[in-house]
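With this note's numbering applied, the sequence shown covers 4 to 223. Backbone N, C-alpha and C define an ideal beta-carbon position, used for all residues, glycine too. Notes to accompany the following structure.
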Amino acid sequence: MKKAMTLYYFPRACSLAPHIVIEESGYSYQRVLVDLRTASNKGLDYLSLNPLGTIPALSVGDWVLTETHSILTYLGDTAPNGPMLPAIGDPNRYRAHQWMNFLSSSIHTYIRSIFRPSAYVPEDDLSALAAVRETGRSNLERAVKSLESRLTGSDWTLGDTYSVVDAYMFIMYLWSDDDRIGITLDRPKWTAVAKRVWQRSAVKHIVALEQKDRDFVIPF
4 MKKAMTLYYF
14 PRACSLAPHI
24 VIEESGYSYQ
34 RVLVDLRTAS
44 NKGLDYLSLN
54 PLGTIPALSV
64 GDWVLTETHS
74 ILTYLGDTAP
84 NGPMLPAIGD
94 PNRYRAHQWM
104 NFLSSSIHTY
114 IRSIFRPSAY
124 VPEDDLSALA
134 AVRETGRSNL
144 ERAVKSLESR
154 LTGSDWTLGD
164 TYSVVDAYMF
174 IMYLWSDDDR
184 IGITLDRPKW
194 TAVAKRVWQR
204 SAVKHIVALE
214 QKDRDFVIPF
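Structure representation (structure tokens):
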């Protein structure tokens with residue numbers, strides 16, 4: 004018996020990565036919009052699934068996964084249409100986890116400090132807010148240089164084969180292109196990967212669906 008699968012997401016959040024991957028995976032699934040603008044993620048219904056109230060979450064039958072990296076790993080390993088992660092023992096599998104850790108712990112964190120410095124310092128301390136943003140920009144610039152140096156120039160992040168990592172790279176790229184970033188980032192290889200992701204039909208479909216609930220621009 005197939006387990007019911009539901010993805011909880013918010014448009015243009017990091018949940019876009021698993022939203023793309025689950026669409027490409029071949030799984031039958033439902034999607035539920037958790038509107039951060041109205042604090043739906045703080046409601047009792049959602050908190051019963053994910054006590055931290057973060058997005059995304061994936062319910063699979065009677066159990067729940069949270070955290071983008073974890074969800075992408077599960078979907079990538081079990082996709083009915085075929086694996087979207089390298090097999091155990093393949094060095095690229097561990098590089099995939101290295102990339103996803105880097106995106107979540109570095110790129111995501113630094114961009115968050117630019118977008119929402121009040122998560123780190125009091126909202127009424129303007130000088131502290133500005134300092135957090137500037138530190139975030141400096142850290143992001145350094146992280147993007149590292150990202151560029153590690154990309155090989157192949158079609159996809161792990162080489163010649165598309166994987167869940169590329170979907171994660173795509174949403175982080177969209178965030179890095181936001182006007183609030185406030186600095187110019189030199190990232191031609193990352194741009195090339197993101198452009199290839201954008202050409203995939205499932206990606207265009209999911210982005211169009213999410214744009215119905217939140218307007219955002221694809222910069223290509």
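Inset, instruction - Report the rounded CA-to-CA distance for L47 versus G56, giving the unit in angstroms. - result: For the purposes of this step, residue 47 is taken as the residue at position 44 of the sequence shown. For the purposes of this step, residue 56 is taken as the residue at position 53 of the sequence shown. Looking at the two C-alpha atoms, the distance is approximately 9 Å.
Legend entry - Presumed contact (8 Å Cβ cut-off) between E213 and L78, rounded CB distance: As a position in the sequence shown, residue 213 is number 210, starting the count at 1. As a position in the sequence shown, residue 78 is number 75, starting the count at 1. That belief does not hold up - the Cβ atoms of E213 and L78 are roughly 17 Å apart, past 8 Å.
Inset, instruction - Take R98 and list the residues in its own chain whose beta-carbon comes closer than 7 Å to its own, dropping the five residues that flank it on each side. - result: Locating residue 98 in the sequence shown gives position 95, where the first residue counts as 1. Around R98: L161.
Inset, instruction - Kindly indicate which three-state DSSP category V63 falls into: helix, strand or coil? - result: Stepping through the sequence shown from its first residue, residue 63 is reached at position 60. Here V63 sits in strand by DSSP.
Inset, instruction - Go through its chain and collect everything with a Cβ distance to E26's Cβ below 6 Å, but skip five positions before and after it. - result: For the purposes of this step, residue 26 is identified with residue 23 of the sequence shown, where counting begins at 1. So the list reads A205 and I209, once near-sequence residues are dropped.
Inset, instruction - Compare the Cα-Cα distances from I186 to each of I58, W193 and L143 and report the closest residue. - result: For the purposes of this step, residue 186 is identified with residue 183 of the sequence shown, where counting begins at 1. Closest by alpha carbon: L143.
Inset, instruction - Rounded to whole angstroms, what's the CA-CA distance from Y113 to A42? Just pull it up for me. - result: By 1-based counting over the sequence shown, the position of residue 113 is 110. By 1-based counting over the sequence shown, the position of residue 42 is 39. Roughly 23 Å between the two C-alpha positions.
Legend entry - Nonlocal neighbours in the same chain, by C-beta distance under 7 Å from I174, ignoring five residues either side: Against the sequence shown, residue 174 aligns to sequence position 171. C17, L19 and A20, listed in sequence order.
Legend entry - With 16 other Cβ atoms within 10 Å as the buried cut-off, status of S149: Looking up residue 149 in the sequence shown gives position 146. Exposed, since its Cβ has fewer than 16 Cβ neighbours within 10 Å.
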